[in-house]
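Numbering-wise, the working numbering puts 10 at position 16 of the sequence shown, and it's gapless, one number per residue.
Take a look at the structure below.
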Amino acid sequence: NYPQTVDIVSLHQDFLFQSARNMANEGDLPHTLAALEELQKKFPDFRIKEVQNAISSVASKLIEDLIRRDDLGVARAMVMRLDKDYKGTLPVISKTKERFVEIAQEFRQKAEDFRTKGEFARARQAAVRMLEIEPDLEGGKDFLNQLIKEFPLVRVGVFQTSATPDPAAIADWGSMRIGHLVSSPIFEFRNTGSEGGMYRFAYGNAVQSDDRMELDLSIQNVGRTGVPNSLTVSESLLDRADVHSPNYFPSWAAVLQSVSVSGPERLRLRLRRPHVLPQAFLQWELPEPAFQRAYYQSKETDGSRTTYQWAPEVQPVDFQPREIIEIKYDDPTKAVNDLIKGEIEIIDRLFPADARRIGAFKTLKTEAYALPMVHLLVPRGKTPYLEDREFRRALLYAINREAILKEELLGDSVTPLDRVISGPFPAGASDSDALAYAYNTAIENLPYDPRLAKVLVLIAQANQTTRAQKRKEPAPKLPVLRLGVPNYESTKVAGQAIVQAWKIAGIESVLVPYDQFPKPEDDSLDIIYLSAAVWEPATDAERLFGIGGPAETGNQYIVQAIGKLNQAQNWREVRAACQDLHSLVASHLPILPLWQISETLAYRSEIVGIAKKPLGLYQDAQKWRIQVR
-5 NYPQTVDIVS LHQDFLFQSA RNMANEGDLP HTLAALEELQ KKFPDFRIKE VQNAISSVAS
55 KLIEDLIRRD DLGVARAMVM RLDKDYKGTL PVISKTKERF VEIAQEFRQK AEDFRTKGEF
115 ARARQAAVRM LEIEPDLEGG KDFLNQLIKE FPLVRVGVFQ TSATPDPAAI ADWGSMRIGH
175 LVSSPIFEFR NTGSEGGMYR FAYGNAVQSD DRMELDLSIQ NVGRTGVPNS LTVSESLLDR
235 ADVHSPNYFP SWAAVLQSVS VSGPERLRLR LRRPHVLPQA FLQWELPEPA FQRAYYQSKE
295 TDGSRTTYQW APEVQPVDFQ PREIIEIKYD DPTKAVNDLI KGEIEIIDRL FPADARRIGA
355 FKTLKTEAYA LPMVHLLVPR GKTPYLEDRE FRRALLYAIN REAILKEELL GDSVTPLDRV
415 ISGPFPAGAS DSDALAYAYN TAIENLPYDP RLAKVLVLIA QANQTTRAQK RKEPAPKLPV
475 LRLGVPNYES TKVAGQAIVQ AWKIAGIESV LVPYDQFPKP EDDSLDIIYL SAAVWEPATD
535 AERLFGIGGP AETGNQYIVQ AIGKLNQAQN WREVRAACQD LHSLVASHLP ILPLWQISET
595 LAYRSEIVGI AKKPLGLYQD AQKWRIQVR
């Protein structure tokens, strides 16, 4: 601002140098280093030796502090950056590199000691830390690979667990994840196709007739260990359709007419009416353990750790995990720190902000899951206000869904799949996305309108007063809503934002995290935040809204629409029925649609074979290998 000031350059130099001194005296070393480096960059000829010695001294203290706090990867990254920027002229560089070698050798010795004691997990952890601080340590990679070969295991950080594995779980992330690991359903959902999902028959080939009335199953390698014959499969299919069986599955019983067997390798399923995807009903295991073909089985649970071990009689090949250990975390930051340090190899579900942080480490990778989760609010409390459509509309108008999604949850990590939705089905990444066949694009998202929300609350109160007067009862007061959310960072952040939004509209609520999805008879919650895998709307609509579903409803219009969907005989009718159901849901609001979000996993680079865009973490886990390259 004062260009005529005499010797302004010298004043600027002295100011920066004095500012660095002041910050150093106050103990603010990070800003001291930043000020000194700015001085060096802007005025490279200013007191060269003095400034570089100061940079070296401050950097040395920062690096020692990082080492003391066990942030070895960050310490190494700082040294490598300083070495590149100053071309080895800083005294701290050579000194710290020698220190890194010493620390790496200490970790190697620890790994050797643990190995001698048979503590392979701790030995591997020490060896990973060894390479974290000194990747080029002589013989280091070979040593770690030898440890992995002796006892290969993978440790997975998770935030949600479940005692009921089910690869087809619609509203239980933990159950779905574990189901992919320890279950082997007759039919497995593999991906979306041009017409609904793509399913794989576990024991051979499946062909549906042109009129969609029959499904022919051909079983391969009958007689081999673990392969059932057609009679065994047919008994299971009929058992699920038997109303007197404890395994009775009403949706399947409504579709199946008969099963005929043609020798030990072939059977034919005759349906009561044409159905576009009868395979979607058959995502369960055969009951006989001899025919369950999962590659891993549960071994033990010890506190926050659950161990799964290799199940087949055939031994795993070299570097194939013998054990997978799931470790429950409550704090996502600690999970990410442990991933960086090598104390775990995988995190099954990342908070978006952590995905950006992980991208800064060369030893870590991320992989997006193939399909998005649909996020909904499900009113289920007994308060009469939740039965009032105007009050439910008020709840939805009060939420700034776009802002919560993009600012609170995603930040800079928005993908085409991440979007606000107007109904219970996924919208896909675009209108042409095969996943979006059930989504009605004519239904617009309700806008954020807190003023209208307040008006609707007043209307709901007036409605309740009128009804109470007719019954000659006192009018019910506005309740304090109990919003239940999965005990997971992302949903808790969203839930807290929703609670604050409702407060602005005059609706009081409290956040109640839960670990296991509440049972239908549980009346401790008024509204449940639901993260649902609605990937096959043709059959998932009934699983979501039907009897026993997580969003079960008695709304006659929704029930009739689901009945119409169940009667659909071709894809044109399925799409029309799904989109009609979407329209009715948007009108009656048995659920409050929020958004769909793509999920991401993270893993260390020594884990190879993780599927590209998997449906679940453990899809094709038998292909995993652990090897340092």
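Just so you know, even glycine gets a beta-carbon here, dropped at the ideal spot from N, CA and C.
Exercise for the section: Specify whether the region 527 to 543 and the region 184 to 193 touch according to this definition: at least 3 beta carbon pairs, one from each stretch, less than 8 Å apart. Expected result: Counting Cβ pairs under 8 Å, three or more are found: they touch.
Problem - Nearest-angstrom Cα separation, counted from Val249 out to Pro664 - result: As shown, the chain starts at -5 and ends at 623. That puts residue 664 outside it, with no answer to give.
Exercise for the section: Measure the alpha-carbon distance for Thr300 versus Ser292 and round it to whole angstroms. Expected result: 8 Å
Practice task
Sort Tyr197, Leu23, His576 by Cα distance to Val221 and report the nearest one.
Solution key: Ranking Tyr197, Leu23, His576 by CA distance to the CA of Val221 puts Tyr197 first.
Practice task
Indicate whether the contact test is met: 3 or more Cβ pairs, each with one atom in the region 200 to 215 and one in the region 263 to 283, closer than 8 Å.
Solution key: yes
Exercise for the section: Pull up the distance between the alpha-carbon of Ala354 and that of Leu23, whole angstroms please. Expected result: Between the C-alpha atoms of Ala354 and Leu23 there is a straight-line separation of about 22 Å.
Problem - Endpoints, alpha helix (DSSP H) assigned at Tyr80 - result: 66 to 80
Problem - 6 Å Cβ shell around Ala235 - same chain, five flanking residues per side excluded - result: So the qualifying residues of the chain are Trp246, Ala247, Leu250.
Exercise for the section: Measure from the alpha carbon of Gln613 to the alpha carbon of each residue in Val73, Ile172, Ala121, Val216, then state which is nearest. Expected result: Ile172
Problem - As assigned by DSSP and simplified to three states, the class of Ala436 - result: Residue state, collapsed to three classes: coil.
Practice task
Within the same chain, show all residues whose beta-carbon is closer than 8 Å to that of Pro441, passing over the 5 residues directly before and after it, in chain order.
Solution key: Tyr391
Handout entry: Sequence-distant residues of its chain with Cβ nearer than 6 Å to His627 (five each side left out)
Key = Outside the displayed span of the chain (-5 to 623) sits residue 627, for which this structure offers no information.
Exercise for the section: Check whether the region 576 to 590 touches the region 340 to 352, counting contact only when three or more Cβ pairs, one atom from each stretch, lie closer than 8 Å. Expected result: Counting Cβ pairs under 8 Å, fewer than three are found: no touch.
Problem - Beta-carbon proximity check, Ser503 vs Val493, cutoff 9 Å - result: yes
Practice task
Mind checking which residues open and close the alpha helix (DSSP H) that includes Trp246?
Solution key: 244 to 249
Handout entry: CA nearest to the CA of Lys43, picked from Leu60, Ala71, Leu10, Leu84
Key = Leu84
Exercise for the section: Using beta-carbon positions only, say whether Ser592 and Asp412 come within less than 9 Å of one another. Expected result: yes
Handout entry: Straight-line Cα distance separating Leu595 from Thr360
Key = 6 Å
Practice task
Could you round the C-beta distance between Leu475 and Asp520 to whole angstroms and report it? I think they count as a contact, below 8 Å.
Solution key: 5 Å
Problem - Proximal residues to Phe114 (C-beta, below 6 Å), its chain only, five neighbours per side dropped - result: The residues are Phe145.
Exercise for the section: Leaving out five residues on either side along the sequence, give the residues of the same chain with a beta carbon under 8 Å from the beta carbon of Pro346. Expected result: Leu403, Leu404, Gly405, Ser407, Ser484, Thr594
Practice task
Excluding the 5 residues preceding and the 5 following Val0 in the sequence, name in chain order all residues of the same chain whose CB lies nearer than 7 Å to its CB.
Solution key: With a pLDDT of only 49 at Val0, under the threshold of 50, the placement of this residue in the model should not be trusted, and no figure is reported.
Practice task
Take the Cβ of Arg445 as the centre, count every other Cβ of all protein chains shown within 10 Å, and call the residue buried at 16 or more, exposed below.
Solution key: exposed
Exercise for the section: Please decide whether His576 counts as near chain C, where near means a Cβ-Cβ distance under 9 Å. Expected result: Although the question refers to chain C, the structure presented lacks it and comprises just one protein chain.
Exercise for the section: Go ahead and label Gly542 buried or exposed: buried means 16 or more other beta carbons lie within 10 angstroms of its beta carbon, across all protein chains shown. Expected result: exposed
Practice task
Would you mind reading off the limits of the beta strand (DSSP E) that contains Met367?
Solution key: 367 to 373
Exercise for the section: Using the Cα positions of Tyr302 and Val451, report the straight-line distance between them to the nearest angstrom. Expected result: 51 Å
Handout entry: Leu559 versus Arg566 - alpha carbon distance
Key = Spanning the two alpha carbons is a distance of roughly 11 Å.
Problem - Anticipated Cβ contact below 8 Å, Leu370 with Ala545, distance rounded - result: 7 Å
Problem - Helix, strand or coil at Val253 according to DSSP, with G and I counted as helix - result: strand
Exercise for the section: Leaving aside the five residues before and after Ile340 along the sequence, list all residues of the same chain whose C-beta is less than 6 Å from its C-beta, in chain order. Expected result: Val150, Tyr597
Problem - Three-state secondary structure (DSSP) of Leu271 - result: Coil.
Practice task
Whole angstroms is fine: what's the gap from Leu538's alpha carbon to Ala527's?
Solution key: 10 Å
Problem - Residue burial classification, Ala495 (beta-carbon count within 10 angstroms, cutoff 16) - result: buried
Exercise for the section: Go ahead and pull the three-state DSSP assignment for Val622. Expected result: coil
Practice task
Taking only runs that begin and end inside the region 307 to 364, name each unbroken beta strand (DSSP E) of 3 or more residues, in chain order.
Solution key: 317 to 322, 358 to 362
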